[in-house]
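First comes the structure, then the notes that go with it.
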Amino acid sequence: MGECFDEMFDSDGSLRESYEEIGRWFNAEDVSRLRAKQREAEEVFRLTGITFNVYGKAEAEERLIPFDIVPRVISGREWKRVERGIEQRVRAINAFLHDIYHRQEIVRAGRVPAEMIAENEAFLPQMLGVSPPGKVYTHIVGIDLVRTGPDEFFVLEDNARTPSGVSYMLENRETMLKMFPELFSATNVRNVSDYPRNLQRSLAACAPDCAGHEPTVAVLTPGIYNSAYYEHAFLADHMAVELVEGHDLRVFDGLVCMRTTRGYRPIDVLYRRVDDEFLDPLNFNADSALGVPGIMDVYRAGGITIANAPGTGIADDKAIYSYMPDIVEFYTGEKPLLKNVPTWRCSEPDSLSYVLENLTDLVVKEVHGSGGYGMLIGPTASKKEIAAFRNKLKARPANYIAQPTLSLSTVPIFARSGLAPRHVDLRPFVLVSPERIRITPGGLTRVALKKGSLVVNSSQGGGTKDTWVLED
Amino acid sequence: MLGKTAGGLFWMSRYLERAENTARLLETGQRMALTRTHNSVEEWSSVLKTAGVLDGYLEKHEDITKESAVNWVLRDPDNPSSVRSVIKQARDNARLVRTALTHDVWGAVNATWMKIDEAMKRRMNERDLPAMLELIRHQSALVRGAILGTMLRNDMFDFSRIGTFVERADNTGRILDVKYYVLLPTAFSVGSSLDNIQWESILRSVGAGGGYRITHGQKTSPSEIAEFLILDQRMPRSLHFCCRKIQENLSYLKKDYGTSGPSCEASNALYAKYLDTRISDVFEFGLHEYIQEFLNDLGELSRQVEVDYRFYE
Numbered sequence: 131m132g133e134c135f136d137e138m139f140d141s142d143g144s145l146r147e148s149y150e151e152i153g154r155w156f157n158a159e160d161v162s163r164l165r166a167k168q169r170e171a172e173e174v175f176r177l178t179g180i181t182f183n184v185y186g187k188a189e190a191e192e193r194l195i196p197f198d199i200v201p202r203v204i205s206g207r208e209w210k211r212v213e214r215g216i217e218q219r220v221r222a223i224n225a226f227l228h229d230i231y232h233r234q235e236i237v238r239a240g241r242v243p244a245e246m247i248a249e250n251e252a253f254l255p256q257m258l259g260v261s262p263p264g265k266v267y268t269h270i271v272g273i274d275l276v277r278t279g280p281d282e283f284f285v286l287e288d289n290a291r292t293p294s295g296v297s298y299m300l301e302n303r304e305t306m307l308k309m310f311p312e313l314f315s316a317t318n319v320r321n322v323s324d325y326p327r328n329l330q331r332s333l334a335a336c337a338p339d340c341a342g343h344e345p346t347v348a349v350l351t352p353g354i355y356n357s358a359y360y361e362h363a364f365l366a367d368h369m370a371v372e373l374v375e376g377h378d379l380r381v382f383d384g385l386v387c388m389r390t391t392r393g394y395r396p397i398d399v400l401y402r403r404v405d406d407e408f409l410d411p412l413n414f415n416a417d418s419a420l421g422v423p424g425i426m427d428v429y430r431a432g433g434i435t436i437a438n439a440p441g442t443g444i445a446d447d448k449a450i451y452s453y454m455p456d457i458v459e460f461y462t463g464e465k466p467l468l469k470n471v472p473t474w475r476c477s478e479p480d481s482l483s484y485v486l487e488n489l490t491d492l493v494v495k496e497v498h499g500s501g502g503y504g505m506l507i508g509p510t511a512s513k514k515e516i517a518a519f520r521n522k523l524k525a526r527p528a529n530y531i532a533q534p535t536l537s538l539s540t541v542p543i544f545a546r547s548g549l550a551p552r553h554v555d556l557r558p559f560v561l562v563s564p565e566r567i568r569i570t571p572g573g574l575t576r577v578a579l580k581k582g583s584l585v586v587n588s589s590q591g592g593g594t595k596d597t598w599v600l601e602d
Numbered sequence: 008m009l010g011k012t013a014g015g016l017f018w019m020s021r022y023l024e025r026a027e028n029t030a031r032l033l034e035t036g037q038r039m040a041l042t043r044t045h046n047s048v049e050e051w052s053s054v055l056k057t058a059g060v061l062d063g064y065l066e067k068h069e070d071i072t073k074e075s076a077v078n079w080v081l082r083d084p085d086n087p088s089s090v091r092s093v094i095k096q097a098r099d100n101a102r103l104v105r106t107a108l109t110h111d112v113w114g115a116v117n118a119t120w121m122k123i124d125e126a127m128k129r130r131m132n133e134r135d136l137p138a139m140l141e142l143i144r145h146q147s148a149l150v151r152g153a154i155l156g157t158m159l160r161n162d163m164f165d166f167s168r169i170g171t172f173v174e175r176a177d178n179t180g181r182i183l184d185v186k187y188y189v190l191l192p193t194a195f196s197v198g199s200s201l202d203n204i205q206w207e208s209i210l211r212s213v214g215a216g217g218g219y220r221i222t223h224g225q226k227t228s229p230s231e232i233a234e235f236l237i238l239d240q241r242m243p244r245s246l247h248f249c250c251r252k253i254q255e256n257l258s259y260l261k262k263d264y265g266t267s268g269p270s271c272e273a274s275n276a277l278y279a280k281y282l283d284t285r286i287s288d289v290f291e292f293g294l295h296e297y298i299q300e301f302l303n304d305l306g307e308l309s310r311q312v313e314v315d316y317r318f319y320e
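The listed protein sequences correspond, in order, to chains H and Y. Residues 131 to 602 (our numbering) are what the first sequence spells out, left to right. Residues 8 to 320 (our numbering) are what the second sequence spells out, left to right.
Okay, structure coming up:
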């Protein structure tokens with residue numbers, strides 16, 4: 131893997147400027163007290179029920195995401211650059227979505243091949259010609275970033291469907307504030323706690339024209355056994371809106387209504403945490419019990435706003451990802467501020483043969499996969515795993531993309547032996563409304579707790595950290 | 008508020024109340040079984056019957072022993088009304104209505120589930136029983152305190168309270184239903200020591216021993232015990248008290264919503280029919296018949312609440 135960039139210490143082992151306070155604090159702390167605090171934090175998460183359910187495990191299994199007490203710090207100057215890059219990218223994504231569901235100028239211009247769109251599973255023909263209010267498609271976006279050097283940020287993935295993790299960002303901060311108030315007194319950390327209010331405002335601003343002065347917002351969850359149920363309840367609670375399931379909803383007189391103790395009441399904006407295919411059994415997966423029969427018809431007629439819009443998955447598809455630099459340039463007329471990781475599309479014969487020759491150096495991902503499943507990390511894979519993957523690749527090349535293994539930055543965690551560097555990524559959360567794009571300072575830092583590991587997914591042994599953006 | 012949420016609050020509270028009542032019932036059963044003058048098999052069978060879990064028990068067990076009865080009532084996953092199952096259901100309902108609960112209430116219910124689930128991992132023996140019952144009682148008090156101390160007095164609170172008092176009235180009613188014969192004024196009942204133990208056990212199983220003594224002193228008589236459990240206005244587990252609370256909370260909902268359904272009327276009718284009366288009339292009517300009809304009407308009322316406030320589609 132070689133030397134990678136550590137965000138806390140420079141190559142001489144001295145503290146970087148933005149970490150000075152944290153370094154001072156850590157050195158002055160008693161290790162056993164910190165250990166007790168670490169346990170205390172986990173107890174708080176357990177009692178609050180901040181858990182996620184693991185698919186494929188027993189129904190009742192709810193796990194904690196490990197939390198590390200050493201914060202990850204980003205300076206105000208660094209953040210400003212990242213923020214501008216994210217905003218540019220999110221504007222481009224929304225323009226791209228509007229375009230491909232209307233005139234498809236980008237295809238006509240030859241910048242993205244037609245089959246990339248038409249044959250993509252995430253492309254929803256039902257969305258053709260539909261214009262959501264304010265032309266906002268991705269009301270909530272999570273742009274996954276990794277860092278490789280002082281000013282080197284790469285976008286790893288654009289989560290344009292239903293990005294999760296924001297509740298962990300908020301709870302991590304609450305926990306840190308409770309446990310180490312003295313640390314916050316000594317530094318100037320930007321606040322994140324207004325996220326739920328901003329989310330509510332941002333969603334309400336996207337209400338359809340038929341909505342009243344104070345639009346009714348609701349969160350749609352698949353139910354208490356969903357892996358992110360905790361977050362769905364958390365967001366509904368903090369936005370002060372209803373948390374609904376499919377069986378609470380029905381279509382009446384062209385409106386989507388929820389069953390209240392006083393009868394059915396219309397909903398104007400539905401923040402759905404249910405995938406496209408389960409949204410409407412009449413229009414998509416007929417077996418879905420999670421959705422609302424007929425909601426797509428109401429949506430197309432302008433009776434409700436669905437956030438994120440159906441069909442946004444086409445923008446965070448891993449095959450489309452490789453076209454993102456072109457997409458950004460095409461719609462903004464600017465060079466992309468954030469870098470894309472170089473990507474080989476295995477659907478192209480030249481790329482495929484390169485990938486097959488260099489499997490031991492590459493990361494290979496399924497085009498539609500997520501959660502770190504179904505991928506090959508060449509440098510750490512066994513010969514057997516590589517051989518098996520080679521066959522899969524040859525059988526369905528278009529199903530895969532490949533990328534070089536980046537040398538991800540590290541931030542220390544508080545391990546048994548003291549501070550120990552571990553690889554991290556960052557998911558900033560972006561809210562889009564017709565008026566503006568809001569980016570919460572920081573986001574969710576995920577950390578691979580195993581030494582040397584690059585997999586940060588919570589389902590595979592990743593943890594989280596509080597993320598600080600400093601006021602300059 | 009969503010109909011589903013109202014239902015979740017109602018059932019969360021019912022299950023929590025049920026867990027506490029079942030624990031108290033076990034405590035009494037254990038106490039009775041330790042009294043040598045008494046037939047222990049009969050006592051455990053009556054505990055199982057009162058908790059409404061006797062049929063399920065007999066499907067799985069050949070005979071009635073203290074240990075199997077205790078484990079069935081407390082922790083058997085095959086028993087949907089075991090304390091463990093009931094706490095699990097309370098917690099699932101709490102999760103379902105998480106947005107309607109305060110941080111404190113959710114935290115208390117969640118911690119209750121985690122502690123009781125952990126404590127019930129192993130088979131329960133007689134030695135561990137007191138600590139287990141103490142834990143259940145302690146956690147119930149914690150949850151109740153969080154509900155009373157932190158929840159807004161709005162429709163959410165009303166549904167939670169209706170659930171609590173429907174369950175509690177049902178519980179007191181069942182105790183009377185199973186033990187009614189002990190309270191009948193028969194030729195044999197002359198206040199023998201056996202009678203005294205039986206009467207005391209009834210009071211104990213609704214946690215009313217102390218309250219009864221404050222009200223009636225040391226003198227125990229079956230009709231006064233029946234009156235205390237059925238008609239006393241101050242005893243928080245009497246049928247009278249529970250029905251008043253159900254009526255009250257339904258009337259708050261009526262005021263809040265500006266309309267009401269048949270359940271509001273039904274609660275007034277329940278009160279008028281069974282509780283605006285004297286204990287001598289109850290005995291004249293027949294204690295057993297009275298209790299059975301009461302439980303039946305209470306069940307109907309509960310179902311009507313579910314319909315009126317759209318708990319389900």
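Think of the CB as a built atom: it goes at the ideal place given N, C-alpha and C, for glycine as much as any other residue. Values in this document were obtained by computation on a predicted structure and should not be read as measured data.
With contact counted as at least three CB pairs below 8 Å, one residue from each stretch, are the region 486 to 493 of chain H and the region 540 to 549 of chain H in contact?
no
>> Run through chain Y and tell me which residues come within less than 7 Å of G421 of chain H, C-beta to C-beta.
In response: Stepping through the first sequence from its first residue, residue 421 of chain H is reached at position 291. Ordered by position in chain Y, no residue passes the 7 Å Cβ test against G421 of chain H, which lies about 15 Å from the chain.
For N415 of chain H, which residues of its own chain have a beta-carbon under 7 Å away from its beta-carbon, when the five flanking residues on both sides are left out? The residue given as residue 415 of chain H occupies position 285 in the first sequence. Cβ within range, chain order: E407 and F408.
Self-check item: Nearest candidate by alpha-carbon position, reference R151 of chain Y, set Y:R310, Y:F164 and Y:T284
Solution: In the second sequence, the residue the question calls residue 151 of chain Y occupies position 144. The shortest Cα separation from R151 of chain Y among Y:R310, Y:F164 and Y:T284 belongs to Y:F164.
Let's test the definition: count the other Cβ atoms within 10 Å of the Cβ of D447 of chain H and tell me whether it reaches 16, buried, or not, exposed. Reading the first sequence from its first residue, position 317 is the one you call residue 447 of chain H. It is buried - the Cβ of D447 of chain H has at least 16 other Cβ atoms within 10 Å.
### Straight-line Cα distance separating P479 of chain H from N529 of chain H
Within the first sequence, residue 529 of chain H is the residue found at index 399, counting from 1. Within the first sequence, residue 479 of chain H is the residue found at index 349, counting from 1. Roughly 13 Å separates the two Cα atoms.
task: Return helix, strand or coil for L194 of chain H, following the three-state DSSP convention.
output: As a first step, residue 194 of chain H is located in the first sequence; it is residue number 64 there, counting from the start. Three-state result, L194 of chain H: strand.
### Task
Taking all protein chains shown into account, decide if Y149 of chain H is buried (16 or more other Cβ within 10 angstroms of its Cβ) or exposed.
Start at 1 with the first residue of the first sequence, and residue 149 of chain H comes out as number 19. Y149 of chain H should be labelled buried.
Checking contacts by CB at 7 Å: is A188 of chain H closer than that to chain Y? Here residue 188 of chain H refers to the residue found at position 58 of the first sequence. With a pLDDT of only 48 at A188 of chain H, under the threshold of 50, the placement of this residue in the model should not be trusted; the figure read from the coordinates follows. Chain Y, which has no Cβ nearer than 7 Å to the Cβ of A188 of chain H, makes this no.
* Measure from the C-beta of N161 of chain Y to each C-beta in chain H and report whether the shortest distance is under 7 Å. => Locating residue 161 of chain Y in the second sequence gives position 154, where the first residue counts as 1. Judged by the 7 Å Cβ criterion, N161 of chain Y is not in contact with chain H.
Close-in-space but distant-in-sequence residues of the same chain around G376 of chain H (CB under 6 Å, 5 per side omitted): For the purposes of this step, residue 376 of chain H is taken as residue 246 along the first sequence, with counting starting at 1. Result list for G376 of chain H: L420, G421 and V422, in chain order.
- Query: Buried or exposed: S323 of chain H, going by 16 or more other Cβ atoms within 10 Å of its Cβ?
  - Reply: Translated into positions along the first sequence, residue 323 of chain H becomes position 193. The residue in question, S323 of chain H, is exposed, as its Cβ has fewer than 16 Cβ neighbours within 10 Å.
Next item on the list: Would you give the residue range spanned by the alpha helix (DSSP H) that R146 of chain H belongs to?
Entry: As a position in the first sequence, residue 146 of chain H is number 16, starting the count at 1. DSSP places R146 of chain H in no alpha helix (DSSP H); its state is neither H nor E.
- Message: I'd like to know whether the C-beta of M19 of chain Y is nearer than 7 Å to at least one C-beta of chain H.
- Response: Locating residue 19 of chain Y in the second sequence gives position 12, counting from the first residue. Closer than 7 Å: no.
(message) By the three-class DSSP mapping on this structure, what secondary structure does Q299 of chain Y have?
(response) Residue mapping note: residue 299 of chain Y aligns to position 292 of the second sequence, counting from 1. Reduced to three states, the DSSP call for Q299 of chain Y is helix.
- Task: Kindly indicate if chain Y contains any beta-carbon less than 7 Å away from that of T391 of chain H.
- Result: To locate residue 391 of chain H, count along the first sequence from 1; it is residue 261. For T391 of chain H, the nearest CB of chain Y lies under 7 Å from its own CB, placing it at the interface with that chain.
Contact residues within the region 170 to 185 of chain H, judged by C-beta distance below 9 Å to chain C:
You won't find chain C in this structure, because its protein chains are H and Y.
Terminal residues of the beta strand (DSSP E) in which Y530 of chain H lies = In the first sequence, residue 530 of chain H corresponds to position 400, counting from 1. Looking at the DSSP string, the run of the beta strand (DSSP E) that includes Y530 of chain H is Y530 to P534.
Under 8 Å by Cβ, that's how I've got T597 of chain H and T575 of chain H pegged, so tell me the actual separation to the nearest angstrom.
Within the first sequence, numbered from 1, the residue matching residue 597 of chain H stands at position 467. Within the first sequence, numbered from 1, the residue matching residue 575 of chain H stands at position 445. At roughly 4 Å, the Cβ-Cβ gap stays under 8 Å, so T597 of chain H and T575 of chain H are in contact.
Identify the contact partners of N86 of chain Y in chain H, using a Cβ-Cβ distance below 8 Å as the criterion.
-> The residue you call residue 86 of chain Y lines up with position 79 of the second sequence. Chain H residues near N86 of chain Y: none, gap ~17 Å exceeds 8 Å.
Which of the three DSSP states is assigned to G548 of chain H in this structure?
As a working note, residue 548 of chain H is residue 418 in the first sequence. G548 of chain H: strand per DSSP, three-state reduction.
Test: D367 of chain H CB closer than 7 Å to a CB of chain Y = By 1-based counting over the first sequence, the position of residue 367 of chain H is 237. True, the Cβ-Cβ gap to chain Y drops below 7 Å.
**OP:** Give a yes or no on whether 7 Å exceeds the smallest Cβ distance from A363 of chain H to chain Y.
**Re:** Locating residue 363 of chain H in the first sequence gives position 233, where the first residue counts as 1. Closer than 7 Å: yes.
| Are any of the Cβ atoms in chain H nearer than 7 Å to that of R91 of chain Y? | Stepping through the second sequence from its first residue, residue 91 of chain Y is reached at position 84. No, no contact with chain H.
Query raised in the report: Considering only C-alpha positions, which residue in the set Y:E125, Y:H247, Y:H145 and Y:L257 is nearest to T284 of chain Y?
Result: Walking along the second sequence from the start, residue 284 of chain Y turns up at place 277. Comparing Cα-Cα distances from T284 of chain Y to each of Y:E125, Y:H247, Y:H145 and Y:L257, the minimum goes to Y:H247.
Closer than 9 Å, Cβ to any Cβ of chain H: which residues of the region 109 to 121 of chain Y, in chain order?
H110, W113, G114, N117, A118 and M121
Is there a Cβ from chain H that is less than 7 Å from the Cβ of Y219 of chain Y?
Locating residue 219 of chain Y in the second sequence gives position 212, counting from the first residue. Cβ-Cβ to chain H under 7 Å: no for Y219 of chain Y.
- Query: In whole angstroms, what is the alpha-carbon distance linking W79 of chain Y and A26 of chain Y?
  - Reply: In the second sequence, residue 79 of chain Y corresponds to position 72, counting from 1. In the second sequence, residue 26 of chain Y corresponds to position 19, counting from 1. If you take the alpha carbons of W79 of chain Y and A26 of chain Y, they lie about 13 Å apart.
Please classify Q245 of chain Y as buried or exposed, where buried requires at least 16 neighbouring CB atoms within 10 angstroms.
Within the second sequence, the letter at position 238 stands for residue 245 of chain Y. In the sequence as displayed, the identity of residue 245 of chain Y is Ser instead of Gln. Result: buried.
### Message
Could you check whether M388 of chain H and L379 of chain H sit closer than 7 Å to each other, using their CB atoms as the reference points?
### Response
Taking the first sequence and counting its residues from 1, the one referred to as residue 379 of chain H is at position 249. Taking the first sequence and counting its residues from 1, the one referred to as residue 388 of chain H is at position 258. The answer is yes: Cβ separation under 7 Å.
Exercise for the section: Report, in whole angstroms, the separation of the C-beta atoms of I154 of chain Y and V112 of chain Y, which I expect to be a contact under 8 Å. Expected result: In the second sequence, counting from the first residue as 1, residue 154 of chain Y sits at position 147. In the second sequence, counting from the first residue as 1, residue 112 of chain Y sits at position 105. Confirmed, about 6 Å.
Open item on the list: 7 Å is my cut-off, CB to CB: does I195 of chain H come that close to chain Y?
Closed with: Here residue 195 of chain H corresponds to residue number 65 of the first sequence, with the count starting at 1. No - not a single Cβ of chain Y is within 7 Å of the one on I195 of chain H.
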